[in-house]
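Note sheet for the following structure.
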Amino acid sequence: MSAPTAVESVVNVGADLLADAAAGQAVDVTRVDWQPPMAGTAADLATVAGDPRRAAANERALAAVLEVTATLVDVVPASEALGLEAGEFLHAGPPIAWDRASGPLRGALMGGAALEGLVDDPEDAVALFESGSSVSLEPCHHRSAVGPMAGVVTPSMWMWVLEDAATGRRTYCSLNEGLGKVLRYGAYGPEVLERLRWMSDVLGPLLQTAVRAVRDESGPVDVTGILTQMLQMGDEAHNRNRAGTLMLLRDLSPALVGAGDPGDIAQALRFVGGNDHFFLNLAMPACKLALDAARGTEGSTMVVAMARNGTDFGIQTAGTGDEWFTGPAQLADGLFLGDYGPEDANPDIGDSAITETAGIGGFAMATAPAIVRFVGGSVPDALATTRRMHEITLGENPRWSVPVLEFQGTPTGIDVAKVCRTSVLPQINTGMAGRVAGVGQVGAGLVTPPAEIFPKALARLAELAENQSKGVGGAA
Amino acid sequence: MTTHVELRRGAYADSVTLLQVSRTVQGLPGVSAAQVAMATPLNVEVLLGMGFEVPEEATTNDMVVAVRLDEGGSLDDVLAGVDAALRDSTRRREGGSSEVAPPRTTAAALRRAPGSVVVVSVPGENAFVEAVDAVEAGSDVLVFSDNVPVAQEVRLKELATERGRLVMGPDCGTAVLGGVGLGFANVVSPGPVGLVAASGTGCQQLLALLDHAGVGVTHALGVGGRDLSAEVGGRSTLTALDRLDADDDVELVVVVSKPPAPEVAAAVEQHAASLSTPVELALLGAGQPDLTEAAERILARLGREVPQWPVTGSTAAPSGGHRLRGLFVGGTLASEAKLLATSLLGGAAEGDHTFTDFGDDAYTTGRAHPMIDPTLRLEHLAQAAADPDTAVLLLDVVLGHGAEADPAAQLAPALAGVDKPVVVAVVGTASDPQGLERTVDALAAAGAEVHLSNARAVRRAVELVQEATR
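Taken in order, these protein sequences are the chains called Z and S.
For the first sequence, position 58 (counting from the first letter as 1) is numbered 59 according to the working numbering, and the numbering increases by one without interruption.
For the second sequence, position 407 (counting from the first letter as 1) is numbered 408 according to the working numbering, and the numbering increases by one without interruption.
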């Protein structure tokens with residue numbers, strides 16, 4: 002037992018008077034800007050804080066996430082990668098049925114049905130989904146996958162396959178179609194389906210050849226490593242993936258040039274090079290691969306998924322198994338394409354908030370000053386956003402650092418308890434889909450989850466902690 | 002209706018900037034639709050969708066300015082507006098602070114200032130969570146907050162024991178760590194005494210008396226009023242004893258507490274006996290020495306002389322009435338007064354006299370502690386002074402960091418108007434920021450008899466009551 006020593010610094014949380022009294026004695030005082038927690042959470046916060054498992058569980062959960070290195074090992078159709086069969090549709094966000102599905106999700110499902118030949122005209126798919134007899138909907142997250150925006154995956158779509166070298170665990174994501182009128186934004190016109198068919202017939206096989214060649218010759222592309230670099234090059238890996246896309250092209254091009262017909266290759270290179278978001282569909286499964294490592298950590302209050310289906314926003318935590326905590330998806334605040342306005346936008350949609358869950362995207366806004374004007378914000382606002390996210394996270398990612406913040410690691414591991422304590426909500430950068438099926442993208446901006454899902458998750462964590470202390474049993 | 006599309010070769014702005022410019026231009030008078038964008042395939046598609054014709058020679062490196070005007074709209078004005086919006090978009094933005102926002106949780110604060118001692122004074126239902134942050138980050142914590150459930154106190158102290166940290170509190174009003182006072186703390190010189198206190202104002206009384214006797218206190222570790230209860234089991238007291246035992250500057254450890262649970266007292270005594278530093282237990286309660294006697298014992302064990310406890314001023318002679326009215330800001334001082342006066346005046350007179358603790362929860366809900374805000378006690382003082390049944394008024398004034406900057410400023414004028422005897426215990430040290438001597442003199446000049454020892458003040462007040470009723 003060490004002897005008490007003179008106090009050199011004090012952290013004061015509460016009455017300023019006591020901080021003043023310490024400061025008056027030439028002691029350094031750090032004042033906490035304390036505010037009451039979200040309504041109705043005080044008792045649950047105390048229960049969770051007192052859970053003897055929590056501190057170690059959160060340490061383990063965070064360490065597990067940080068240990069994962071995602072590598073690009075294959076590109077295969079979803080039928081092969083996920084065993085997806087005709088009539089099975091994956092979608093973004095928590096579970097939802099057709100009757101509650103939003104416009105863009107419906108549009109993407111209709112386009113997907115036509116792509117798979119279930120209907121000739123996408124419009125005919127409405128009856129198909131209404132009857133529900135030969136089709137089924139399931140979240141991407143339930144199949145180790147993630148999908149941007151509507152996130153619709155059908156058996157014939159080609160998927161990136163990412164693997165954690167240490168454990169062999171895998172995650173999957175479709176190939177990015179580009180911006181504008183695209184399926185994931187709910188568009189299903191002929192040009193959308195034509196592009197998707199070209200991606201399945203030409204792009205997917207070419208990428209498969211290239212990815213396998215790189216993998217077999219020099220080891221798989223280190224996606225986590227590319228993320229490390231792109232964060233230093235002005236990408237936050239959600240709404241800006243420009244550097245990441247170019248680095249992927251750099252890594253795949255030598256193998257791609259011999260992979261097939263020169264005309265096809267040129268078209269593939271043009272397509273990838275012309276789509277600044279192409280890398281997003283690798284950033285997302287890399288983040289999921291890391292976060293999934295923390296799933297099932299009993300007692301942990303860390304968020305392992307944030308996802309939206311255009312109607313509901315859901316989160317899952319490491320300590321609550323596969324349960325989703327949901328609330329209404331919010332409208333993003335941002336800028337609109339063309340003469341679209343807020344009335345045209347659908348509420349928040351997509352699994353891409355997995356990037357923020359892993360500490361990048363909106364959480365790494367400070368590293369992407371080029372896009373801060375999405376919110377009419379300034380560069381200092383971007384720095385403040387990243388700093389603010391450190392208030393609700395468990396730690397920092399030593400690999401993913403932000404140069405302008407003195408190479409501080411990105412804020413990683415959203416803590417449900419800290420969100421409830423501070424009322425600081427995770428900041429998400431997002432694209433906005435049109436409200437009406439078939440419209441496509443209408444803008445981009447910033448959004449947060451609905452606040453109430455965090456107290457819901459906290460209540461469940463508190464209940465599990467109480468059961469544990471009574472010996473009733475652990476998490477589901 | 003005028004439609005205008007122009008290509009600006011080699012002009013570039015990023016897409017987000019151009020979205021903002023477009024929005025600005027759309028808001029200009031006379032504009033029905035507008036889009037300013039780089040001529041990427043996506044943007045060309047958007048422009049076509051809006052009904053604009055885009056020149057075929059447009060490349061992704063060209064900027065397209067497309068506007069459609071209402072009847073009577075001026076193209077020149079609108080194009081000037083486009084240029085202004087583009088110019089504004091590159092201008093350095095005002096607003097947006099580069100200052101770092103303060104931390105929002107104790108955990109976040111400790112990431113910025115690791116190793117700090119944490120002082121928690123948020124509402125009781127929220128205090129545990131902040132205190133757990135402190136202990137988990139490896140910091141000692143003083144929990145000033147009251148109304149913390151006892152189960153949370155136990156859990157917090159279990160956690161602290163696991164991590165080798167000290168929890169001072171909950172409801173810990175004062176601590177001195179190596180000369181630095183936290184909470185309501187008096188300014189003391191370092192010296193041979195180390196205090197463990199389960200009583201805030203009891204601790205402050207000892208600090209004041211020892212300071213007057215020229216004996217310094219290196220550390221005073223508050224542990225919270227419930228620490229020696231059966232539920233809490235003296236966890237912080239045991240940790241604090243070990244801390245003080247490990248400090249070579251501490252020659253005598255003193256434990257001051259309300260009456261402990263017997264099994265906890267036994268455990269503390271047993272632990273104290275195992276330490277290399279001698280331990281003096283000053284346990285308050287009926288039949289136990291008062292705080293002043295405890296101070297005298299400490300001085301005796303250190304081989305120091307017991308000084309005269311100072312008395313300043315003289316008060317009015319009693320002029321009727323039969324009740325002793327004690328109006329206190331210090332909880333331990335109030336209970337010491339009640340115990341002592343009741344034993345001296347006899348059980349028969351018990352119901353007659355009042356000993357109000359304005360620091361009690363019943364008086365502090367929704368308002369500041371009376372050591373900070375004297376309003377409530379001053380109101381009660383005026384009533385008690387006007388009551389013909391009142392024989393003598395007995396008050397305490399507690400000095401030190403955190404307390405009212407000049408308690409005499411309002412109390413002295415209030416006392417000056419009282420024609421009944423007034424006895425005041427001023428608990429403070431010579432170096433306290435309010436000025437002990439100045440405060441004492443101001444109260445004495447207002448007609449009060451001022452003591453440093455609360456027990457002496459009580460005894461004097463009892464004498465005056467006896468005179469009044471003789």
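No residue lacks a Cβ here, since even glycine has one placed at the ideal position from N, Cα and C.
Residue-level contact to chain Z via CB, S/Pro-279, 7 Å cutoff: no
Beta carbon proximity, Z/Leu-197 to chain S, threshold 7 Å: no
Status (buried if at least 16 other CB within 10 Å, exposed otherwise) for S/Gly-96: Residue confidence for S/Gly-96 is low, a pLDDT of 46 falling below 50, so the modelled location carries little weight and cannot support an answer.
Best match in Z/Leu-207, Z/Lys-419, Z/Thr-72 for proximity to S/Asp-134 [C-alpha to C-alpha]: Residue Z/Lys-419 is the option with its Cα nearest to S/Asp-134.
In DSSP terms, what Z/Trp-159 is bridged to: Answer by DSSP bridge pairing, in chain order: Z/Pro-78.
Contact belief for Z/Leu-283 with Z/Leu-249 at Cβ below 8 Å, rounded distance in angstroms: 7 Å
Under 7 Å by beta carbon: chain Z residues contacting S/Thr-18: Arg-374, listed in chain order.
Stretch pair the segment 291-305 of chain S + the segment 207-219 of chain S: three plus CB contacts closer than 8 Å: yes
Cβ of S/Ser-122 within 7 Å of any chain Z Cβ: yes
In DSSP terms, what Z/Ala-315 is bridged to: In the sequence as presented, Ala is not what sits at residue 315 of chain Z; that position holds Gly. Bridge partners of Z/Gly-315: Z/Ala-308, Z/Thr-327.
Contact belief for Z/Val-69 with Z/Ala-294 at Cβ below 8 Å, rounded distance in angstroms: Beta-carbon to beta-carbon, Z/Val-69 and Z/Ala-294 are separated by about 5 Å, close enough to satisfy the 8 Å threshold.
Proximity of S/Val-118 and S/Ala-128 at Cβ, strictly below 7 Å: no
Cross-chain neighbours of S/Leu-183 in chain Z, by beta carbon under 8 Å: Val-8, Val-11, Leu-19, Ala-22, Ala-23
Interface flag, Z/Glu-131 vs chain S, CB-CB below 7 Å: no
Secondary structure of S/Ala-262, DSSP reduced to three states: coil
Candidates Z/Pro-96, Z/Gly-94, Z/Asp-125, Z/Arg-61: closest to Z/Gly-108 by CA position: Z/Asp-125
Proximity below 7 Å, CB of Z/Ile-350 to CB of Z/Ala-452: With a cutoff of 7 Å on beta-carbon distance, Z/Ile-350 and Z/Ala-452 are scored as not near each other.
Bridge-paired residues (DSSP) for Z/Asn-13: Z/Arg-32, S/Val-120
Chain Z residues whose Cβ lies nearer than 7 Å to that of S/Leu-111: Taking the beta carbon of S/Leu-111 as reference, the chain Z residues within 7 Å of it are Val-12, listed in sequence order.
Whole-number beta carbon distance between Z/Leu-228 and Z/Trp-401, since they are thought to touch under 8 Å: 6 Å
Cross-chain neighbours of S/Ala-114 in chain Z, by beta carbon under 8 Å: Ser-10, Val-12, Asp-29, Thr-31
Cβ of Z/Ala-56 within 7 Å of any chain S Cβ: yes
Nearest-angstrom Cα separation, counted from Z/Asn-310 out to Z/Val-147: 12 Å
C-alpha gap between Z/Gly-187 and Z/Glu-467, whole angstroms: 44 Å
Straight-line Cα distance separating S/Glu-46 from Z/Gly-179: 13 Å
Simplified DSSP assignment, three categories, for S/His-452: Residue state, collapsed to three classes: strand.
Segments assigned beta strand (DSSP E), at least 3 residues, entirely inside the segment 254-282 of chain Z: none
Helix, strand or coil at S/Leu-544 [DSSP, three-state]: What is shown of chain S runs 2 to 471, which leaves residue 544 of chain S out entirely.
Three-state secondary structure assigned by DSSP to Z/Pro-399: Residue state for Z/Pro-399 is assigned as strand, using DSSP reduced to three classes.
Alpha-carbon to alpha-carbon, S/Glu-294 and S/Arg-156: 35 Å
Cβ pair count under 8 Å reaching 3, the segment 265-273 of chain Z against the segment 387-398 of chain Z: no
Amino acids of chain Z, ordered along the chain, whose beta-carbon sits closer than 9 Å to that of S/Met-51: Gly-339, Asp-340
Three-state secondary structure assigned by DSSP to Z/Met-248: helix
C-beta atoms of Z/Thr-386 and Z/Gln-331 nearer than 7 Å: no
Beta carbon of S/Val-463 nearer than 7 Å to that of S/Thr-313: no
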